[in-house]
Amino acid sequence: MSIYIELAGTELVMNREDTPPQGISLSSTIDEIIDKHNAFLKEHLTVIHKLAIRVAAVHGIENPSLEKMASSIGVLKAELEQHMHKEEKVLFPMIRDLDRGVLPLSSVRGPINVMFLEHEEFTENLANIRILNDPMKEALYSCEDYLLLVDELTVLEKNLGEHIAKENQFLFPSSIERQNQITEGIEMARLASGQSEFQETEG
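Heads up: the sequence shown at position 90 corresponds to 90 in UniProt numbering, and the numbers run straight through without jumps.
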């Protein structure tokens, strides 16, 4: 079974077989994202950026792409930090409300659209960093800082990929689905209340 949700003009498919097991709540998924993924990013982004700057300072003259790579990593770091702030301060509290059956003051669709688009940008930025890095591998194979940087980037890409998958494939579609359920429930209750009042008036 698949659920189709329109996000940022794109049909996002949530395959039930790809989602966490039944019984995993929206709030517990958020906790996992914060503890496993956001915490990782907050710790490692600074390390990665400092390594990139250090490697560029030592080898940048012979390999100009290193400075571009360090700059790109700096941009990615700033964007991810802002992204996490919006998640933790705006979107996640709204989703926690939905998980408790409470409709937030505004729809989650807007913030989710923003997050979805930013996920695409992060994926593209990492791909560009990989392209900048590829020519350096043979020239800098003996530089310990460079090798550590490559390892850190590999782990970052894996962790961020898992983070994005959990949100795009489960958390976001499930949140919109939950919002729809609550909205429909409120509307049905309102209609039932109106019908009851009408019957009492007629009686």
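Backbone N, C-alpha and C define an ideal beta-carbon position, used for all residues, glycine too.
Requested in this report: Can you grab the Cα-Cα spacing for the pair Lys36 / Val155, in whole Å?
Outcome: C-alpha separation (whole angstroms): 13 angstroms.
Query raised in the report: Mind pulling the beta strand (DSSP E) runs of 3 or more residues that sit fully within the segment 35-110?
Result: Counting whole runs of 3 or more residues, the segment 35-110 contains no beta strand (DSSP E) stretch at all.
Requested in this report: Starting from Asn159, follow the alpha helix (DSSP H) in both directions and report where the run begins and ends.
Outcome: Start and end: Glu144 to Lys166.
Query - Best match in Met136, Leu66 and Arg109 for proximity to Pro173 [C-alpha to C-alpha] - result: It is Arg109.
Query raised in the report: Exposed or buried, which one is Val55 when buried takes at least 16 other CB atoms within 10 Å?
Result: So Val55 ends up on the buried side.
Query raised in the report: By DSSP, does Glu138 sit in helix, in strand, or in coil?
Result: Of the three classes helix, strand and coil, the one that applies to Glu138 here is helix, per DSSP.
Requested in this report: Pair every Cβ in the segment 62-76 with every Cβ in the segment 134-151, then say whether three or more of these pairs are closer than 8 angstroms.
Outcome: Using a Cβ-Cβ distance cut-off of 8 angstroms, the segment 62-76 and the segment 134-151 are in contact, since at least three pairs of beta carbons, one from each stretch, lie closer than that value.
Query raised in the report: On the three-state DSSP scale, how would you describe Ile24?
Result: Coil, per DSSP.
Query raised in the report: Applying the criterion that 16 or more other CB atoms from any shown protein chain within 10 Å of the CB defines a buried residue, is Met115 buried or exposed?
Result: Classification for Met115: buried.
Query - Close-in-space but distant-in-sequence residues of the same chain around Ile164 (CB under 8 angstroms, 5 per side omitted) - result: Only His119, Phe122 and Thr123 meet the Cβ criterion.
Query raised in the report: Nearest to Leu126 by alpha carbon, out of Ile34, Glu152, Ser106 and Ser27?
Result: Sorting Ile34, Glu152, Ser106 and Ser27 by C-alpha distance to the C-alpha of Leu126 places Glu152 at the top.
Query - Ala39 and Ile73 closer than 8 angstroms at C-beta - result: For Ala39 and Ile73, no; Cβs fall outside 8 angstroms.
**Report entry** Closest Cα partner of Thr46 within the set Ile34, Ile33, Ala78 and Ser106
**Finding:** Ranking the options by Cα distance to Thr46, first place goes to Ala78.
Requested in this report: Take Glu88 and list the residues in its own chain whose beta-carbon comes closer than 8 angstroms to its own, dropping the five residues that flank it on each side.
Outcome: Within the same chain, Glu88 has close Cβ partners Ile34 and Asn38.
Query raised in the report: Is it true that the CB of Leu80 sits closer than 8 angstroms to the CB of Leu41?
Result: Yes, they are a contact pair.
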